[in-house]
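Those letters in the sequence shown? Residues 6 to 222, per the working numbering, in order. Quick notes on the structure that follows.
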Amino acid sequence: MQCTVKEILWVLVISALFLYGAVVLGYTDPCDSNPCKNDGICKIDGEKMNCLCFTPFYGEYCENDPCHPNPCRNLGTCEITARGFEGYDQGTYRCSCPESFSGLNCEIGNVKTTTQNFRTSTLMTTIWTTPYTSCIGNPCRNGGICEFRNNKETCYCPRSSWGEFCELSPCDPNPCKNDGICEIEDEKTKCCAWNLFGENIVRMKRKQLRRISERLP
Numbered sequence: 006m007q008c009t010v011k012e013i014l015w016v017l018v019i020s021a022l023f024l025y026g027a028v029v030l031g032y033t034d035p036c037d038s039n040p041c042k043n044d045g046i047c048k049i050d051g052e053k054m055n056c057l058c059f060t061p062f063y064g065e066y067c068e069n070d071p072c073h074p075n076p077c078r079n080l081g082t083c084e085i086t087a088r089g090f091e092g093y094d095q096g097t098y099r100c101s102c103p104e105s106f107s108g109l110n111c112e113i114g115n116v117k118t119t120t121q122n123f124r125t126s127t128l129m130t131t132i133w134t135t136p137y138t139s140c141i142g143n144p145c146r147n148g149g150i151c152e153f154r155n156n157k158e159t160c161y162c163p164r165s166s167w168g169e170f171c172e173l174s175p176c177d178p179n180p181c182k183n184d185g186i187c188e189i190e191d192e193k194t195k196c197c198a199w200n201l202f203g204e205n206i207v208r209m210k211r212k213q214l215r216r217i218s219e220r221l222p
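Next comes the structure, spelled out in structure tokens:
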């Protein structure tokens, strides 16, 4: 059936009215400016706009990357494990942890505790904590043992030392005169030297003399 001139004019008028209304109302296509970041693809779904994101990006506008900033702690390496489109879903990642760490984000320190030939229950009495992230290098001094707990280093100090890193000791600084050697015995200090006497000087034991004589040229 052929359209009459009147019908054609009517269609043109209706189209012009729709076009005029769109201009007056300021209608624009939300995908014209492509708000999706990181090469995301803009798609109209009904009256809404959605971004289809390429891995590893995710978020409403593909603005997020699960590996930036790096969620892996203690020098862990972040790796992307997801593939394909992620859309609104959070991207999937995996942390490759150093040998001494484990956990989802390498947040668990795997520290081997040694007793160094003494009983921890009787000798390790003072506990100090510091907000660092690992026991690498063992910051504990004077025979202290380092453990990684609750994201903090913990130094277990012998009875003869104390402080955040077991750095304090009654023999440091040396209280002995004339180059005397300070020793801790029964939680008390004792000064050892040879052929010297005084308030802070006592005789040296034979075994200690033998060790010193072996070091002399």
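Every residue, glycine too, gets a C-beta built ideally from N, C-alpha and C. Keep in mind the model is a prediction, meaning the values are calculated, not measured.
Check this for me: beta carbons of Ile114 and Phe153, under 8 angstroms apart or not? For the record, residue 114 in the displayed sequence is Gly; it is not Ile. Against a cut-off of 8 angstroms, the Cβ pair of Phe153 and Gly114 comes out as a contact.
Quick check: Cys111 and Arg78, are their CB atoms within less than 8 angstroms of each other? yes
Quick one: using the 10 Å Cβ neighbour count with 16 as the cut-off for buried, is Asn147 buried or exposed? buried
So, is Met209 buried or exposed, given that buried needs 16 or more other C-beta atoms within 10 angstroms? Below a pLDDT of 50, predicted positions are generally treated as unreliable, and Met209, at 45, falls in that range; the measurement from the model is reported next regardless. Met209 should be labelled buried.
Taking the continuous beta strand (DSSP E) assigned at Cys56, which residues delimit it? 53-57
Run through DSSP, which three-state label would Ile141 get? coil
Which same chain residues, not among the five before or five after Glu175, have their C-beta less than 6 angstroms away from its C-beta? Residue identity check: residue 175 is Pro in the sequence provided, not Glu. Hits under 6 angstroms: Thr194.
Can you grab the Cα-Cα spacing for the pair Gly51 / Ile141, in whole Å? 56 angstroms
Alpha-carbon to alpha-carbon, Tyr98 and Asp37: 32 angstroms
Could you tell me which residues DSSP puts in a beta bridge with Glu188? Lys195
For Asn69: DSSP bridge partner residues: Tyr63
Give me the Cα-Cα distance between Phe62 and Cys56, rounded to the nearest whole angstrom. 11 angstroms
Do you know offhand how far Thr159's Cα is from Ile85's? 33 angstroms
Cutoff 6 angstroms; reference Leu80; Cβ partners in own chain excluding five residues on either side: Pro103
Please return the same chain residues whose Cβ sits closer than 6 angstroms to the Cβ of Cys145, not counting the five positions on each side in sequence. Cys151, Cys160, Phe170, Cys171
Under the three-state DSSP convention, the category Tyr93 falls into: In this prediction, Tyr93 scores a pLDDT of 40, lower than 50, which makes its location untrustworthy; the coordinate-derived value is nonetheless stated afterwards. Coil.
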